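Chains as they are written, first to last, in UniProt numbering: chain V, 1 to 213; chain Y, 1 to 213; chain E, 1 to 213. Written below as structure tokens is the structure these notes are about.
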Amino acid sequence: MDKLHTIYYFLDLAGTFAFAISGATAARHRGLDLFGICTIAYTVACGGGIIRDVCIGAIPPAGLTTWYYLAIALVAAIMTIGLYPIVQRLNRPVLLFDAAGLSLFAVTGAQKALSYGHNGEVAVLLGIMTAVGGGVLRDIVLNRVPVILEKEIYASAALIGALIVVLGNHLKWVSNDWIAIIALTICFTLRILALRYHWNLPSFSNGKASVDN
Amino acid sequence: MDKLHTIYYFLDLAGTFAFAISGATAARHRGLDLFGICTIAYTVACGGGIIRDVCIGAIPPAGLTTWYYLAIALVAAIMTIGLYPIVQRLNRPVLLFDAAGLSLFAVTGAQKALSYGHNGEVAVLLGIMTAVGGGVLRDIVLNRVPVILEKEIYASAALIGALIVVLGNHLKWVSNDWIAIIALTICFTLRILALRYHWNLPSFSNGKASVDN
Amino acid sequence: MDKLHTIYYFLDLAGTFAFAISGATAARHRGLDLFGICTIAYTVACGGGIIRDVCIGAIPPAGLTTWYYLAIALVAAIMTIGLYPIVQRLNRPVLLFDAAGLSLFAVTGAQKALSYGHNGEVAVLLGIMTAVGGGVLRDIVLNRVPVILEKEIYASAALIGALIVVLGNHLKWVSNDWIAIIALTICFTLRILALRYHWNLPSFSNGKASVDN
Chain V
1 MDKLHTIYYF LDLAGTFAFA ISGATAARHR GLDLFGICTI AYTVACGGGI
51 IRDVCIGAIP PAGLTTWYYL AIALVAAIMT IGLYPIVQRL NRPVLLFDAA
101 GLSLFAVTGA QKALSYGHNG EVAVLLGIMT AVGGGVLRDI VLNRVPVILE
151 KEIYASAALI GALIVVLGNH LKWVSNDWIA IIALTICFTL RILALRYHWN
201 LPSFSNGKAS VDN
Chain Y
1 MDKLHTIYYF LDLAGTFAFA ISGATAARHR GLDLFGICTI AYTVACGGGI
51 IRDVCIGAIP PAGLTTWYYL AIALVAAIMT IGLYPIVQRL NRPVLLFDAA
101 GLSLFAVTGA QKALSYGHNG EVAVLLGIMT AVGGGVLRDI VLNRVPVILE
151 KEIYASAALI GALIVVLGNH LKWVSNDWIA IIALTICFTL RILALRYHWN
201 LPSFSNGKAS VDN
Chain E
1 MDKLHTIYYF LDLAGTFAFA ISGATAARHR GLDLFGICTI AYTVACGGGI
51 IRDVCIGAIP PAGLTTWYYL AIALVAAIMT IGLYPIVQRL NRPVLLFDAA
101 GLSLFAVTGA QKALSYGHNG EVAVLLGIMT AVGGGVLRDI VLNRVPVILE
151 KEIYASAALI GALIVVLGNH LKWVSNDWIA IIALTICFTL RILALRYHWN
201 LPSFSNGKAS VDN
């Protein structure tokens, strides 16, 4: 199944690019300078994976050693600075790539934790962290409440993707490649449907409004 | 002294529950959704211990591998959502459990750092981190200045608890079990007295007010 | 070249002190209490190095084990509380020491990553992290957008210092000591010139202003 790894590789690049674009765009809106925009782009692209690698003992973290992650983040940052009208028009494919990145990072994050010999709970938690950690760091650095904790089916799609990997790995009904394909497809479909139909998880604040500054 | 370990175990569960309740309540007030409330509850319960374990090389962190920490955090989150009036009425026991958790996490955090062969400074710093790190992460994610850095005798009670463990371990006047009991008692008492009599550490801002948003 | 290591040692202490002063001053302005001021002073002084050490597998992190870093941070915190008029008058030397610390931490951070056998990308990224990570953590905890991402030639000076170390180490045109001296001098000069002439990196926000709270 070499074809699968080619697809993985493409999804990895596309997802990294979409994550970096989301970081660079948010940083630009916030008025950060050249260095700030590059930093946030890179943080969104690699932050979740770095936290995962530190927690599973994969030292040094892949996000720090792999040159093309950094290169993709810098290209996304420079595009967001120099070709902003184009980046804005790319909004729809970027959302698609972002959903692809979300699915891939959740699945490969859970797989990597399992491959280091850790248990299913670690794999699910760090699968989610790989997928959404970078976005959470972006929002923390930009001084706002992480959007994925407030609304949208985003982290919960990652949860389901990582959960399928762990359950599939435990039950061994089908090969690991098929488990990954199923997990990717379900996570991606869930995220796209949630975007299309504006699905949100319930929230429960009473009286006191959720004011983000 | 098997009785001590039973007490430890009970305090650990009660403290984890109280920490998770504090996270879930704050997340609910801030208008986070279901996933956000569960995440913040889990972060407060396990965040400090995860940072400690990463720093001492205890990979994977206990907070990620132990199923009942996650389970307790989810129960606390769901109670905060579904049984909010009851959780509000539990305010007083939760403060008590929270003080118990603070003491236990400071003591066991320092002990774990020592047991990994690190020096007294590491043990004191990571004892404090175990006890207050989750709460600091909660406030950072919820976009406010950590309350324990602004007022209250909270982190300083943890400091004293961790310090007693390290000094006791160094001087070896009594057994480690007795050191732990003394440290737990003093830290807990200090925290309860500070709550009861509204003790605060001094602050020194001049002119410019401390405005939290 | 024992003289070099004496200079290193002095710069390390002076830089740590300046970083701690910047943390303590910001914490005092924000109205934090005694514990908060000490914590932020220590965080700025040691935070970047601790993140570096966790990422390269240097466990436990030097910032947690070295007593004089903690001692310097506490002295800086207490000076900022008790001798605030003097600390304010020290503004100019503190800026100088801060630039020295920035240069030294970028250079030694990159060197340490290389000495642990990691590649040039890791060394550059973690050299920057060593130099600016503490300041970024300070701003995150104090609930504001990190100033180094918004303006000033600060992190970019660290980037150039770390880059020179990595390139020099790769090309081996001169000895490592000379590489370090060149990197230190260029990084320090760049930072001082940027301060003197108010150099900033460009930012690109359009319409929406960059409002920090």
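For every residue, glycine included, the Cβ atom is placed at its ideal position computed from N, Cα and C. This one's a predicted model, so the numbers in the text were calculated from it and none came from an experiment.
Cβ closer than 8 angstroms: which chain E residues qualify as neighbours of residue i?
i                       : result
threonine 43 of chain V : Going along chain E, no residue has its Cβ under 8 angstroms from threonine 43 of chain V, so there is no contact; the nearest lies around 10 angstroms.
Strictly below 8 angstroms CB to CB, what residues from chain V border residue i?
i                      : result
lysine 6 of chain Y    : Note that residue 6 of chain Y corresponds to threonine in the displayed sequence, not to lysine. None at all; the shortest Cβ gap to chain V is about 25 angstroms.
leucine 149 of chain E : Ala27, Leu32, Asp33, Phe35, Gly36, Thr39, Ile40 and Val141
For the alpha helix (DSSP H) holding residue i, just list the boundary residues, first then last.
i                            : result
glutamate 121 of chain V     : 120-141
isoleucine 78 of chain Y     : 67-82
phenylalanine 204 of chain V : Segment: none, phenylalanine 204 of chain V is in no alpha helix (DSSP H) and carries neither H nor E.
leucine 13 of chain Y        : 2-29
aspartate 53 of chain Y      : 34-56
Helix, strand or coil for residue i per DSSP?
i                         : result
residue 217 of chain E    : Limits of chain E in this structure are 1 at one end and 213 at the other, which puts residue 217 of chain E out of reach.
serine 175 of chain Y     : coil
alanine 194 of chain E    : helix
isoleucine 59 of chain Y  : coil
tryptophan 199 of chain V : coil
glycine 117 of chain Y    : coil
lysine 112 of chain Y     : helix
valine 145 of chain V     : coil
leucine 184 of chain Y    : helix
lysine 151 of chain V     : coil
leucine 96 of chain E     : helix
leucine 90 of chain Y     : coil
Taking residue i as the reference, which of the options has the closest Cα?
i                            : options                                  : result
alanine 157 of chain E       : E/Leu193, E/Leu34 and E/His170           : E/Leu193
valine 107 of chain Y        : Y/Ala41, Y/Leu171, Y/Leu167 and Y/Leu201 : Y/Leu167
glutamate 150 of chain E     : V/Leu34, V/Thr189, V/Leu11 and V/Gly63   : V/Leu34
glutamine 111 of chain Y     : Y/His198, Y/Thr130, Y/Thr185 and Y/Ala71 : Y/Thr130
isoleucine 51 of chain Y     : Y/Leu13, Y/Leu102, Y/Gly127 and Y/Ala99  : Y/Gly127
valine 141 of chain V        : V/Leu195, V/Ser203 and V/Gly36           : V/Gly36
asparagine 176 of chain E    : E/Ile186, E/Cys187 and E/Ile164          : E/Ile164
phenylalanine 19 of chain V  : V/Gly161, V/Thr43, V/Lys3 and V/Tyr68    : V/Thr43
leucine 102 of chain V       : V/Gly49, V/Ser115 and V/Gly82            : V/Gly49
leucine 13 of chain V        : V/Val75, V/Asp53 and V/Thr25             : V/Val75
leucine 113 of chain Y       : Y/Tyr154, Y/Trp67 and Y/Pro61            : This sequence places alanine at residue 113 of chain Y; leucine is not what is there. It is Y/Pro61.
tyrosine 116 of chain V      : V/Tyr84, V/Ser203 and V/Gly57            : V/Gly57
glycine 109 of chain E       : E/Pro85, E/Thr6 and E/Gly134             : E/Gly134
arginine 92 of chain E       : E/Leu195, E/Phe204 and E/Leu201          : E/Leu195
leucine 184 of chain Y       : Y/Asn169, Y/Leu171 and Y/Gly161          : Y/Gly161
phenylalanine 17 of chain V  : V/Leu96, V/Ala123 and V/Asp53            : V/Leu96
residue 275 of chain Y       : Y/Thr66, Y/Phe10 and Y/Leu70             : Because chain Y is modelled from 1 through 213, residue 275 of chain Y falls outside the range shown and cannot be assessed.
phenylalanine 188 of chain V : V/Tyr84, V/Cys46, V/Thr6 and V/Leu11     : V/Leu11
threonine 6 of chain E       : E/Val147, E/Leu104 and E/His170          : E/Leu104
serine 22 of chain V         : V/His198, V/Ala73 and V/Asn169           : V/Ala73
alanine 77 of chain E        : E/Ile182, E/His29 and E/Cys55            : E/His29
threonine 25 of chain Y      : Y/Ile148, Y/Glu152, Y/Val94 and Y/Ala180 : Y/Val94
Note down, in chain order, every chain E residue with its Cβ under 7 angstroms from the Cβ of residue i.
i                      : result
serine 156 of chain Y  : Phe35
proline 146 of chain Y : Val141
serine 125 of chain Y  : For clarity, residue 125 of chain Y is leucine in the given sequence; the question names serine instead. Ordered by position in chain E, the residues that pass the 7 angstroms Cβ test against leucine 125 of chain Y are Leu64.
List the residues of chain Y whose Cβ lies closer than 9 angstroms to the Cβ of residue i, in chain order.
i                      : result
cysteine 55 of chain V : Ile50, Asp53, Val54, Ile59, Pro60, Pro61 and Leu64
leucine 201 of chain V : Asp33, Leu34, Phe35 and Gly36
Applying a beta-carbon distance threshold of less than 7 angstroms, which residues of chain V neighbour residue i?
i                         : result
asparagine 119 of chain E : Thr65
leucine 70 of chain Y     : Glu121
isoleucine 81 of chain Y  : Phe204
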